[in-house]
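Residue 3 is where the sequence shown starts when you use my numbering, and the numbers rise one by one after that. Virtual Cβ for every residue (Gly too), placed ideally from N, Cα, C.
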Amino acid sequence: MAIPPKKPNSSTNLRTIAQSRLGRSVNLRETNASASEALGVLYELALSPKTAPGALALLHELQVHQVELDLQAEELRTATATLEAELARQMQRYDKSPAGHLILDSHGRVADVNLTGAQQLGAERELVRGQRLDHFLTPQSAIALQALLARAGQGHASSELTLVARPDSDAKARTVCASARIDPAGLGILLAFLDMPTR
Numbered sequence: 003m004a005i006p007p008k009k010p011n012s013s014t015n016l017r018t019i020a021q022s023r024l025g026r027s028v029n030l031r032e033t034n035a036s037a038s039e040a041l042g043v044l045y046e047l048a049l050s051p052k053t054a055p056g057a058l059a060l061l062h063e064l065q066v067h068q069v070e071l072d073l074q075a076e077e078l079r080t081a082t083a084t085l086e087a088e089l090a091r092q093m094q095r096y097d098k099s100p101a102g103h104l105i106l107d108s109h110g111r112v113a114d115v116n117l118t119g120a121q122q123l124g125a126e127r128e129l130v131r132g133q134r135l136d137h138f139l140t141p142q143s144a145i146a147l148q149a150l151l152a153r154a155g156q157g158h159a160s161s162e163l164t165l166v167a168r169p170d171s172d173a174k175a176r177t178v179c180a181s182a183r184i185d186p187a188g189l190g191i192l193l194a195f196l197d198m199p200t201r
């Protein structure tokens, strides 16, 4: 008994017809045909009794896909707004922290500093970033800080430290509890200065 030949896939048939009407072979991943032109061809196919069922099914599929894309875009906008709001909150907490927070690179330069840290050093944050931390300290304070950082290279280290700013700085001498550890992100050393109460 002879096996009847398989009917071509209706979607493939419609795609072939659409390609011929668009005037060239259309690649699914790359096409120069405008969306309105392609939809026009699809609407024409929907008017023909032979191709109407398949064309309407494809049109419905496109509409569903468009709704899915709209929903995904809305979810992305909502997620982006949520992340931006959370980032703003975290940055505010970082800047308003009672402790000075700094990230030092391997050369002792300040990669980042919060507002409190910049105030402790007696300089604007923009002037602190990219500078060596010891640039803002007297030689004696810089030596004490280097000893702390050397211990931090072998693990977490903390100690009481007197920061004596350079004479040309607006900062006053202060005693801080300094804490340092290697940055887990591999950016250098995390450093925190917490002002000690005056005795």
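Identity of the residues DSSP links to residue i by a beta bridge
{"i": "residue 197", "result": "178"}
{"i": "residue 162", "result": "179"}
{"i": "residue 114", "result": "105"}
{"i": "residue 145", "result": "Answer is none; residue 145 lacks a bridge partner."}
Per-residue DSSP class, three states only, for residue i
{"i": "residue 190", "result": "coil"}
{"i": "residue 140", "result": "coil"}
{"i": "residue 81", "result": "helix"}
{"i": "residue 134", "result": "strand"}
Residue burial classification, residue i (beta-carbon count within 10 angstroms, cutoff 16)
{"i": "residue 56", "result": "buried"}
{"i": "residue 75", "result": "exposed"}
{"i": "residue 182", "result": "buried"}
{"i": "residue 166", "result": "buried"}
{"i": "residue 123", "result": "buried"}
{"i": "residue 84", "result": "exposed"}
{"i": "residue 105", "result": "buried"}
{"i": "residue 69", "result": "exposed"}
{"i": "residue 6", "result": "At residue 6, the pLDDT of 49 sits below 50, so the modelled position is not reliable; the number obtained from the coordinates is stated separately. Label assigned to residue 6: exposed."}
{"i": "residue 82", "result": "exposed"}
Residue i versus residue j: straight-line alpha-carbon distance, rounded
{"i": "residue 195", "j": "residue 152", "result": "16 Å"}
{"i": "residue 143", "j": "residue 177", "result": "11 Å"}
{"i": "residue 114", "j": "residue 148", "result": "18 Å"}
{"i": "residue 80", "j": "residue 136", "result": "44 Å"}
{"i": "residue 51", "j": "residue 65", "result": "21 Å"}
{"i": "residue 46", "j": "residue 86", "result": "46 Å"}
{"i": "residue 61", "j": "residue 72", "result": "17 Å"}
{"i": "residue 190", "j": "residue 161", "result": "19 Å"}
Close beta carbons around residue i, own chain, < 7 Å, minus the five adjacent residues each side
{"i": "residue 116", "result": "96, 97, 99, 102, 103"}
Own chain residues within Cβ distance below 6 Å of residue i, not counting five before or after
{"i": "residue 120", "result": "127, 130"}
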